[in-house]
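Peer 1: Protein chains in written order, with this note's numbering: chain D, 25 to 420; chain R, 25 to 420. Glycine included, each C-beta is placed from N, C-alpha and C at the ideal position. Nothing here was measured: the structure is a model prediction, and the numbers come from that model.
2 protein chains.
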Amino acid sequence: MGISNRVHEQMGRGSWIRQMFEAGIALRQRLGEERVFDLSLGNPVVEPPQEFRAELLRLAQHPVPGMHRYMPNAGYPETRAAVARQLAAETGLPYQASDVVMTCGAGGGLNVVLRAIMDPGDEVIVLAPYFVEYLFYVENHGGVPVVVDCDEAFNPDLAILERSITKRTRAVLLNSPNNPTGVVYSAKLLDSLAELLRRKAHQHGKAIYILSDEPYRKLVYDGLKYPFVQHRYTPTVVATSHSKDLALPGERIGYVAVNPELPDRGELVDAIVFCNRVLGFVNAPALMQHLVRSLQGVTVDVADYQRKRDFLYARLVGMGYQMTKPQGAFYMFPKSPMPDDRAFVERLLNHNVLVVPGVGFGKPGYFRISYCLDDRVLEGALDGFRAVARELGLTS
Amino acid sequence: MGISNRVHEQMGRGSWIRQMFEAGIALRQRLGEERVFDLSLGNPVVEPPQEFRAELLRLAQHPVPGMHRYMPNAGYPETRAAVARQLAAETGLPYQASDVVMTCGAGGGLNVVLRAIMDPGDEVIVLAPYFVEYLFYVENHGGVPVVVDCDEAFNPDLAILERSITKRTRAVLLNSPNNPTGVVYSAKLLDSLAELLRRKAHQHGKAIYILSDEPYRKLVYDGLKYPFVQHRYTPTVVATSHSKDLALPGERIGYVAVNPELPDRGELVDAIVFCNRVLGFVNAPALMQHLVRSLQGVTVDVADYQRKRDFLYARLVGMGYQMTKPQGAFYMFPKSPMPDDRAFVERLLNHNVLVVPGVGFGKPGYFRISYCLDDRVLEGALDGFRAVARELGLTS
Numbered sequence: 025m026g027i028s029n030r031v032h033e034q035m036g037r038g039s040w041i042r043q044m045f046e047a048g049i050a051l052r053q054r055l056g057e058e059r060v061f062d063l064s065l066g067n068p069v070v071e072p073p074q075e076f077r078a079e080l081l082r083l084a085q086h087p088v089p090g091m092h093r094y095m096p097n098a099g100y101p102e103t104r105a106a107v108a109r110q111l112a113a114e115t116g117l118p119y120q121a122s123d124v125v126m127t128c129g130a131g132g133g134l135n136v137v138l139r140a141i142m143d144p145g146d147e148v149i150v151l152a153p154y155f156v157e158y159l160f161y162v163e164n165h166g167g168v169p170v171v172v173d174c175d176e177a178f179n180p181d182l183a184i185l186e187r188s189i190t191k192r193t194r195a196v197l198l199n200s201p202n203n204p205t206g207v208v209y210s211a212k213l214l215d216s217l218a219e220l221l222r223r224k225a226h227q228h229g230k231a232i233y234i235l236s237d238e239p240y241r242k243l244v245y246d247g248l249k250y251p252f253v254q255h256r257y258t259p260t261v262v263a264t265s266h267s268k269d270l271a272l273p274g275e276r277i278g279y280v281a282v283n284p285e286l287p288d289r290g291e292l293v294d295a296i297v298f299c300n301r302v303l304g305f306v307n308a309p310a311l312m313q314h315l316v317r318s319l320q321g322v323t324v325d326v327a328d329y330q331r332k333r334d335f336l337y338a339r340l341v342g343m344g345y346q347m348t349k350p351q352g353a354f355y356m357f358p359k360s361p362m363p364d365d366r367a368f369v370e371r372l373l374n375h376n377v378l379v380v381p382g383v384g385f386g387k388p389g390y391f392r393i394s395y396c397l398d399d400r401v402l403e404g405a406l407d408g409f410r411a412v413a414r415e416l417g418l419t420s
Numbered sequence: 025m026g027i028s029n030r031v032h033e034q035m036g037r038g039s040w041i042r043q044m045f046e047a048g049i050a051l052r053q054r055l056g057e058e059r060v061f062d063l064s065l066g067n068p069v070v071e072p073p074q075e076f077r078a079e080l081l082r083l084a085q086h087p088v089p090g091m092h093r094y095m096p097n098a099g100y101p102e103t104r105a106a107v108a109r110q111l112a113a114e115t116g117l118p119y120q121a122s123d124v125v126m127t128c129g130a131g132g133g134l135n136v137v138l139r140a141i142m143d144p145g146d147e148v149i150v151l152a153p154y155f156v157e158y159l160f161y162v163e164n165h166g167g168v169p170v171v172v173d174c175d176e177a178f179n180p181d182l183a184i185l186e187r188s189i190t191k192r193t194r195a196v197l198l199n200s201p202n203n204p205t206g207v208v209y210s211a212k213l214l215d216s217l218a219e220l221l222r223r224k225a226h227q228h229g230k231a232i233y234i235l236s237d238e239p240y241r242k243l244v245y246d247g248l249k250y251p252f253v254q255h256r257y258t259p260t261v262v263a264t265s266h267s268k269d270l271a272l273p274g275e276r277i278g279y280v281a282v283n284p285e286l287p288d289r290g291e292l293v294d295a296i297v298f299c300n301r302v303l304g305f306v307n308a309p310a311l312m313q314h315l316v317r318s319l320q321g322v323t324v325d326v327a328d329y330q331r332k333r334d335f336l337y338a339r340l341v342g343m344g345y346q347m348t349k350p351q352g353a354f355y356m357f358p359k360s361p362m363p364d365d366r367a368f369v370e371r372l373l374n375h376n377v378l379v380v381p382g383v384g385f386g387k388p389g390y391f392r393i394s395y396c397l398d399d400r401v402l403e404g405a406l407d408g409f410r411a412v413a414r415e416l417g418l419t420s
């Protein structure tokens, strides 16, 4: 075989998100853009904020000498400092530039952190439903993902989680606001989780990290104040990106930040920077580092996302679909009205509506809707949802 | 320990290039920019070509809707097609868009290809002196780098290379024009290498890839015509970037291209795209993909690099330093006039001149000069080289 057996096996597991993305492209080519309602990918259609465009134009008109060169692998000191200032303002914790490493998106950030902390055979707890890439990210570096099911409200079940922790547990991966459920973990839940992890780490005589993947941190609704985990648990590393809050997913610009209250954080940051280099990322893209430096306080229009959520939630519940009302991100994770979520997704596809089956997130029996889309697409998709609801005899 | 034992061990091996880079920053802070002559890093001081700046300005003034969004993991079809057209024009081979995957620089490209072809324990032959990252890139994915020494002229010693091939050999990593030596492999050498690899692959009943890392492909001097390896050896994958030819090293934009004459290339490309996704690169930065699409035929001023090479080569040889005259890239790799190359580098450092010891490339007894620098720096460094030559009693 011309390719790795290991990769061949992983490819067989595929990604439902990407499969639906490709199916959407094919369907659009066949039917035309206007007749396809693709709610499958978290690819925001909103454009970056005006401040981003102005800053890009300013830099293009007045280039800074050397602005496309290599910089230290951790990123520009000024960009790291700007991120640290923003984190300090948001959290009240004393973040400094030296606690921040600029990365190629959150995906790059998660990989460099996992590489930095794991030895082969180490276990990382992943909560289901999960962003499917997490399993690969852990496996990339010889780690073992240990999947723990959430409860009915999509909160981690701490009793199951406790039983899943072993001497090899190196980290728990959190994602709040959550993809695919839109759930935001409460302060109370995080307090309990932190207490549990402290107890288990003490019992096993080994640090257990929380790796908090927060690309949707700024997308929370109903005036909710985002509960930060790092106030509650010292060995916390945050990974995030500007893919969603500045609508730049294709640009691969993000960062990881080590808790400024972690005593041996210097060693950890050094290891993260080293991994950023040797995994081939080298550094986060230079121009984007220049741009996001002055945009740390800027966010896309969150009220608009909330409006889209409210619109879609009300309509779908009105048709008889059942779901937990999402508090953040731009996803919904309703129950599949058919036992087989893949069959349901196929049925929607017959009405030119694309969503992702729950099996793609390790949670069969549900499906994911992404609503970071033009109102036209959300409105257009309603016909398909309504038709299938009727076919299946749903009632609200 | 808060970090991975494996990473801790790797960090101990460090990078002399990065160490000198950091030493240079510290020295500049102490003495001021004007008094430090840092020839340690391949970080071109030339700015990107005017065509790049014009295109960036055009896109900033007239943004294309959605130009910062996700695209297929392989990159924009239009960008892949533009790269394929340029490759076809340069090589005469029938490259198509589907043979090209846009990557986060050549470093990202090498990692996704190595991941795609290797299983744990597979061996990859690396020629010494080598770009030190190669060892990490192979180890990242559970591979074993097998180091093969070059001959006195820095060409691979095919007799040693033949003896180093085993049943586990998966690839030979080539880098021409070479970092650190500036050597360009001749057509004749590549013919012999191709024949050897075909014979060994047949003997072991297993494909052996050539992975050709070509970031300096367009930087060749004296009217030399670059000898392409893919004409000579079908299982060749090229990795390159626009870090050097468009002077964009910080932007992490490059690509890999699978030989269009490889029969099962579709499977290989699929695996490369998959690895680009799951290793956390996701895709090459979007804006840079838009920019390099129309710049495939553009290159920085190669004549200027040749002038710098001629200037420095003549002066250093005149002082008694011994070296092979480089034919490409922007490095020289002279013999260390002291048996201990690290001691020599320290001695130069006393004169505020920074170079990298050969030990950093697996070749003690030499040192690397990078000359992609302002003439002021090259001229200023001559005093230090001259002083050390006198101290050591060199004569031309």
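Check Lys332(R) in the structure and name its three-state DSSP category.
Peer 2: In the structure shown, Lys332(R) sits in a helix (DSSP, three-state: H, G or I).
Peer 1: Whole angstroms is fine: what's the gap from Pro101(R)'s alpha carbon to Gly36(D)'s?
Peer 2: One C-alpha to the other measures close to 24 Å.
Peer 1: Under 9 Å Cβ-Cβ, which residues of chain R neighbour Cys128(D)?
Peer 2: Chain R residues near Cys128(D): Cys128, Gly132, Arg276, Gly304, Phe305, Val306, Pro309.
Peer 1: Quick one: which unbroken alpha helix (DSSP H) runs of 4-plus residues sit fully inside the region 173-249 of chain D? Chain order, please.
Peer 2: Counting only runs of 4 or more, we get 182-188, 211-228.
Peer 1: Using the rule of at least 16 other Cβ atoms within 10 Å of the residue's Cβ for burial, across every protein chain shown, is Leu55(R) buried or exposed?
Peer 2: Classification for Leu55(R): exposed.
Peer 1: Starting from the Cα of Pro273(D), find the closest Cα among Arg42(D), Asn67(D), Thr260(D), Glu46(D) and give me that residue.
Peer 2: The candidate whose alpha carbon is nearest that of Pro273(D) is Asn67(D).
Peer 1: Please compile the residues from chain D whose C-beta is within a distance smaller than 8 Å of the C-beta of Glu102(R).
Peer 2: Simply none; closest approach about 14 Å.
Peer 1: Does the separation of the CB atoms of Met356(R) and Met362(R) fall below 7 Å?
Peer 2: Going by C-beta atoms, Met356(R) is not nearer than 7 Å to Met362(R).
Peer 1: Hey, out of Lys359(R), Tyr395(R), Val377(R), Lys230(R), whose CA is closest to Ile49(R)'s CA?
Peer 2: The candidate whose alpha carbon is nearest that of Ile49(R) is Val377(R).
Peer 1: Buried or exposed: Val88(D), going by 16 or more other Cβ atoms within 10 Å of its Cβ?
Peer 2: The residue in question, Val88(D), is exposed, as its Cβ has fewer than 16 Cβ neighbours within 10 Å.
Peer 1: Hey, is Pro273(R)'s beta-carbon within less than 7 Å of any beta-carbon in chain D?
Peer 2: Yes - at least one Cβ of chain D is within 7 Å of the one on Pro273(R).
Peer 1: Going along the region 40-60 of chain D in order, which residues come within less than 9 Å of chain R, judged by CB to CB distance?
Peer 2: Going along the region 40-60 of chain D in chain order, one finds Arg42, Phe45, Glu46, Ile49 with a Cβ nearer than 9 Å to chain R.
Peer 1: Can you tell me which residues form a DSSP beta bridge with Ser394(D)?
Peer 2: Paired residues: Tyr355(D).
Peer 1: Output, in sequence order along the chain, the residues in the region 224-241 of chain D whose CB is closer than 8 Å to any CB in chain R.
Peer 2: Residues Ala231.
Peer 1: Any chance you could list the alpha helix (DSSP H) runs of at least 4 consecutive residues sitting entirely within the region 99-165 of chain R, in chain order?
Peer 2: For the region 99-165 of chain R, whole alpha helix (DSSP H) runs of length 4 or above, ordered along the chain, are 101-115, 129-141, 157-164.
Peer 1: I need the DSSP call for Phe305(D), collapsed to helix, strand or coil.
Peer 2: Coil.
Peer 1: Determine the chain R residues that contact Cys396(D) at a beta-carbon separation under 8 Å, and present them in chain order.
Peer 2: Correct list: empty, because the minimum Cβ distance to chain R is about 10 Å.
Peer 1: Which one of Thr205(R), Leu235(R), Gly167(R) has the shortest CA to CA distance from Leu198(R)?
Peer 2: The option with the nearest alpha carbon to Leu198(R) is Leu235(R).
Peer 1: Buried or exposed: which applies to Asp62(D), given that a residue is buried once 16 or more other Cβ atoms fall within 10 Å of its Cβ?
Peer 2: Label assigned to Asp62(D): buried.
Peer 1: What residues in its chain sit with their C-beta under 6 Å from that of Pro388(R), if we drop five residues either side in the sequence?
Peer 2: Cβ neighbours of Pro388(R) beyond the five flanking positions: Asp365, Gly382.
Peer 1: By the three-class DSSP mapping on this structure, what secondary structure does Gly382(D) have?
Peer 2: Looking at Gly382(D) - three-state DSSP - the assignment turns out to be helix.
Peer 1: In this structure, does DSSP put Ala84(R) in helix, strand or coil?
Peer 2: Looking at Ala84(R) - three-state DSSP - the assignment turns out to be helix.
Peer 1: Against Arg222(D), what residues of chain R qualify as contacts under a CB-to-CB distance less than 7 Å, listed in chain order?
Peer 2: Here the premise fails: no neighbours, minimum Cβ distance about 15 Å.
Peer 1: If you measure from the beta carbon of Tyr355(R) to each beta carbon in chain D, is any gap under 7 Å?
Peer 2: Answer no: the Cβ-Cβ gap between Tyr355(R) and chain D never drops below 7 Å.
Peer 1: Show which residues of chain D have a CB atom less than 7 Å away from the CB atom of Arg77(R).
Peer 2: Pro87, listed in chain order.
Peer 1: Please classify Arg139(D) as buried or exposed, where buried requires at least 16 other C-beta atoms within 10 Å of its C-beta.
Peer 2: Counting Cβ neighbours within 10 Å, Arg139(D) comes out buried, since at least 16 surround it.
Peer 1: For Ile41(R), which of Ile393(R), Asp398(R), Leu397(R) has the nearest alpha-carbon?
Peer 2: Ile41(R) has its Cα closest to that of Ile393(R), out of Ile393(R), Asp398(R), Leu397(R).
Peer 1: Taking the alpha helix (DSSP H) that Ala271(D) belongs to, which residues open and close that run?
Peer 2: Unbroken run through Ala271(D): none, as it is neither H nor E.
Peer 1: Helix, strand or coil for Tyr94(R) per DSSP?
Peer 2: Tyr94(R) falls in the coil class under three-state DSSP.
Peer 1: Using a Cβ-Cβ cut-off of 7 Å, state whether Arg30(D) counts as contacting chain R.
Peer 2: So yes, Arg30(D) belongs to the interface.
Peer 1: Which whole-angstrom value describes the C-beta separation of Arg104(D) and Tyr245(D), a residue pair presumed to lie in contact below a C-beta threshold of 8 Å?
Peer 2: Contact flag wrong, Cβ pair sits at about 30 Å.
Peer 1: Any idea what DSSP makes of Phe252(D), helix, strand or coil?
Peer 2: The answer is coil: DSSP assigns Phe252(D) none of H, G, I, E or B.
Peer 1: Closer than 9 Å between beta carbons: that is the criterion. Which residues of the region 363-376 of chain R meet it against chain D?
Peer 2: Under the 9 Å Cβ criterion, the region 363-376 of chain R contributes no residue.
Peer 1: Listed from N- to C-terminal order along the chain, which residues in the region 291-303 of chain R have their beta-carbon within a distance smaller than 9 Å of any beta-carbon of chain D?
Peer 2: The residues in question are Glu291, Leu292, Asp294, Ala295, Ile296, Phe298, Cys299, Arg301, Val302, Leu303.
Peer 1: Give the C-beta separation of Ala130(D) and Asp237(D) to the nearest angstrom, bearing in mind that I take them to be a contact with Cβ-Cβ under 8 Å.
Peer 2: With 8 Å as the limit, Ala130(D) and Asp237(D) qualify as a contact, their Cβ atoms being about 6 Å apart.
Peer 1: Relative to the alpha-carbon of Leu319(R), which residue among Arg109(R), Arg331(R), Val70(R), Arg192(R) has its alpha-carbon at the smallest distance?
Peer 2: The residue with the shortest Cα to Cα distance from Leu319(R) is Arg109(R).
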